[in-house]
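A.B. asks: One structure follows; several queries about it will come next.
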Amino acid sequence: MIVTNEDRLACSVHLSDDGRSVIIIDQTQLPNRELFLTLDTVEELVDAIKTLAVRGAPAIGICAGYGMYILALQEETGSYETFTEHMEKYAEELIAARPTAVNLSWAVRRMMQAVYGSAGMEVSGIKELLRRECIAIHDEDIQMCRRISEYGLSLVKPGDGILTHCNAGPLATSRYGTALGPILLGKEQGIDFKVFSDETRPLLQGARLTSYELQKAGVDVTLICDNMASIVMKNGWVQACFVGCDRIAANGDFANKIGTSGVAILAKHYGIPFYTLGPTSTIDMNCPAGADIRIEQRNPDEIRSMWYKEPMALAEVKCYNPAFDVTDHELLTAIVTDRGIVYPPFDVNLKKLFA
Ligand code: MRU
Numbered sequence: 001m002i003v004t005n006e007d008r009l010a011c012s013v014h015l016s017d018d019g020r021s022v023i024i025i026d027q028t029q030l031p032n033r034e035l036f037l038t039l040d041t042v043e044e045l046v047d048a049i050k051t052l053a054v055r056g057a058p059a060i061g062i063c064a065g066y067g068m069y070i071l072a073l074q075e076e077t078g079s080y081e082t083f084t085e086h087m088e089k090y091a092e093e094l095i096a097a098r099p100t101a102v103n104l105s106w107a108v109r110r111m112m113q114a115v116y117g118s119a120g121m122e123v124s125g126i127k128e129l130l131r132r133e134c135i136a137i138h139d140e141d142i143q144m145c146r147r148i149s150e151y152g153l154s155l156v157k158p159g160d161g162i163l164t165h166c167n168a169g170p171l172a173t174s175r176y177g178t179a180l181g182p183i184l185l186g187k188e189q190g191i192d193f194k195v196f197s198d199e200t201r202p203l204l205q206g207a208r209l210t211s212y213e214l215q216k217a218g219v220d221v222t223l224i225c226d227n228m229a230s231i232v233m234k235n236g237w238v239q240a241c242f243v244g245c246d247r248i249a250a251n252g253d254f255a256n257k258i259g260t261s262g263v264a265i266l267a268k269h270y271g272i273p274f275y276t277l278g279p280t281s282t283i284d285m286n287c288p289a290g291a292d293i294r295i296e297q298r299n300p301d302e303i304r305s306m307w308y309k310e311p312m313a314l315a316e317v318k319c320y321n322p323a324f325d326v327t328d329h330e331l332l333t334a335i336v337t338d339r340g341i342v343y344p345p346f347d348v349n350l351k352k353l354f355a
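Start counting the sequence shown at 1; every next residue gets the next number (this note's numbering).
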């Protein structure tokens, strides 16, 4: 599969025409406004990642990769040591923006490897290497999403009901997405599914982003509140659950948007296959189990007052607002990756994937 510049431009993150800024679609404004942001500084990049203007594990990795490149371009020094020192500082700031999705640190470290591997080269030459590296990160994600979509499509039949949580579509990745990839690829091939999109409290990625993406693509999508997943499963309307992932541990436990583990427990109860779909860049073989994944805690106002005309709780009420939860690998039917479908035992089979 050849990736063209048009393919990259169609994604939620890309480089500006002059190649000196990162352009993102502002996901906080969807579905009401399709606005784009131009990011030029490390502060703007960090802020966009923290506020979820750019979000979804692969998309924040791609954004950080491009970010490292445009920050490198702004460096005026000719000294390799000074350049590396500055790049290390940017890397640290970007990685600290969000802790759970491994793709962020993975992409930034990959950019730093290009710097470390170029000791002795002219700084201008290193900048060119970084340009190629960030484009490679993006191109590989486009290709991985396509392969994940193909593998995922092989798991379902035309007309099946598919339940998804949060947003793991094109906005969160590139092109097809991961969990939404089989549905969108199916649509292209004339295969229709009935999708149930959990609204995904508190930030409503399912309502604002998934139902927007699927509706625009002509997919039969029904938006439900998170606490309605059980009834649609009980009604026999769901034949498979497809969700994304932010970090998959070596034993198959995985972190994804808060509420995912509840969906997995319900799916087990109703005997419905439950799959997570993600690129190999989301698998962290250095993380032994789910308990080792750091979970981001977010502002309580996301629960108390955001999205409403009036606050929905007293300003002083205590809130617990973890952005992600960990789904136990025992609840997982399979992990759909760009290198194939991984079945249990996950600790053994994930190792084989990287062998
Ligand atoms: O907080 P978010 O919106 O970045 O959370 C995103 C998710 O949980 C996605 O399911 C995950 O990143 C996979 S995106 C392909």
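Backbone N, C-alpha and C define an ideal beta-carbon position, used for all residues, glycine too.
Bear in mind that the values here come from a model prediction, so they are computed numbers and not experimental data.
1) Where the beta carbon is closer than 5 Å to any heavy atom of the ligand MRU, which residues qualify, in chain order?
2) Whole angstroms are fine: how far does the CA of residue 73 sit from the CA of residue 328?
3) Determine, using beta-carbon pairs with one atom in the region 162-176 and one in the region 41-61, whether at least three such pairs fall under 8 Å.
4) How many angstroms separate the CA atom of residue 249 from the CA atom of residue 75?
5) Can you give me the Cβ contacts of residue 95 inside the same chain, cut-off strictly under 7 Å, excluding the 5 residues immediately before and after it?
6) Any heavy atom of the ligand FMN inside 6 Å of the beta-carbon of residue 94?
7) First and last residue of the beta strand (DSSP E) that includes residue 317?
8) Based on the DSSP secondary-structure assignment, which residues constitute the bridge partners of residue 98?
9) Just to confirm the assignment, what range does the beta strand (DSSP E) spanning residue 256 have?
10) When the Cα atoms are used, what is the spatial distance from residue 145 to residue 280?
11) State yes or no: is the C-beta of residue 423 within less than 7 Å of the C-beta of residue 196?
12) Rounded to whole angstroms, what is the Cα-Cα separation between residue 216 and residue 101?
13) How is residue 327 classed by DSSP in three states: helix, strand or coil?
14) Compare the beta carbon distance of residue 359 and residue 286 with 7 Å and say whether it is the shorter of the two.
15) Does residue 342 pass the burial test, meaning 16 or more other C-beta atoms within 10 Å, or should it be called exposed?
16) Between residue 69 and residue 134, which are expected to be in contact by the criterion C-beta below 8 Å, what is the C-beta distance as a whole number of angstroms?
17) DSSP three-state call for residue 63: helix, strand or coil?
18) If residue 325 sits next to residue 259, beta carbons under 8 Å apart, how far is it from one beta carbon to the other, in whole angstroms?
19) Using the beta-carbon count (16 or more within 10 Å), is residue 348 buried or exposed?
20) Quick test of the definition: if touching needs 3 or more C-beta pairs under 8 Å, does the region 3-12 touch the region 140-160?
21) So within the region 160-244, which uninterrupted alpha helix (DSSP H) runs reach at least 4 residues, ignoring any that extend past its ends?
C.D. replies: In short:
1) 55, 56, 57, 166, 168, 172, 173, 178, 205, 244, 246, 256, 257
2) The residue labelled residue 328 in the question sits at position 328 within the sequence shown. The residue labelled residue 73 in the question sits at position 73 within the sequence shown. Computed Cα separation, rounded: 43 Å.
3) These segments touch.
4) The count along the sequence shown starts at 1 and reaches residue 249 at position 249. The count along the sequence shown starts at 1 and reaches residue 75 at position 75. As the crow flies, the alpha-carbon of residue 249 is around 36 Å from that of residue 75.
5) Numbered from its first residue, the sequence shown carries residue 95 at position 95. Non-local beta-carbon contacts of residue 95 in its own chain, meaning distances under 7 Å to residues more than five positions away in sequence, involve 104, 105, 108 in chain order.
6) Questions concerning the ligand FMN fall outside what the structure shown contains, since the ligands it does hold are the ligand MRU.
7) For this step, residue 317 is matched to residue 317 along the sequence shown. Premise fails: residue 317 is in no beta strand (DSSP E) and is neither H nor E.
8) Taking the sequence shown and counting its residues from 1, one reaches residue 98 at position 98. Beta-bridge pairing links residue 98 to no other residue.
9) The residue given as residue 256 occupies position 256 in the sequence shown. First-last of the beta strand (DSSP E) with residue 256: 254-257.
10) Position 145 of the sequence shown, counting from 1, holds the residue named residue 145. Position 280 of the sequence shown, counting from 1, holds the residue named residue 280. Approximately 10 Å between the Cα atoms of the pair.
11) The chain is shown only over 1 to 355; residue 423 falls outside these bounds and no answer can be derived.
12) Position 216 of the sequence shown, counted from the first residue, corresponds to residue 216. Position 101 of the sequence shown, counted from the first residue, corresponds to residue 101. One C-alpha to the other measures close to 27 Å.
13) Residue mapping note: residue 327 aligns to position 327 of the sequence shown, counting from 1. In the structure shown, residue 327 sits in a strand (DSSP, three-state: E or B).
14) Lying outside 1 to 355, the shown extent of the chain, residue 359 is not represented and no answer is given.
15) Sequence index remark: in the sequence shown, residue 342 carries index 342 (1-based). With 16 or more other Cβ atoms within 10 Å, it is buried.
16) Locating residue 69 in the sequence shown gives position 69, counting from the first residue. Locating residue 134 in the sequence shown gives position 134, counting from the first residue. Confirmed, about 4 Å.
17) Against the sequence shown, residue 63 aligns to sequence position 63. In this structure, residue 63 counts as helix in the three-state DSSP scheme.
18) Along the sequence shown, read from residue 1 onward, the residue named residue 325 stands at position 325. Along the sequence shown, read from residue 1 onward, the residue named residue 259 stands at position 259. Residue 325 to residue 259, Cβ: 7 Å. Contact.
19) By 1-based counting over the sequence shown, the position of residue 348 is 348. Exposed: under 16 other Cβ atoms inside 10 Å.
20) yes
21) 181-188, 211-216, 229-234
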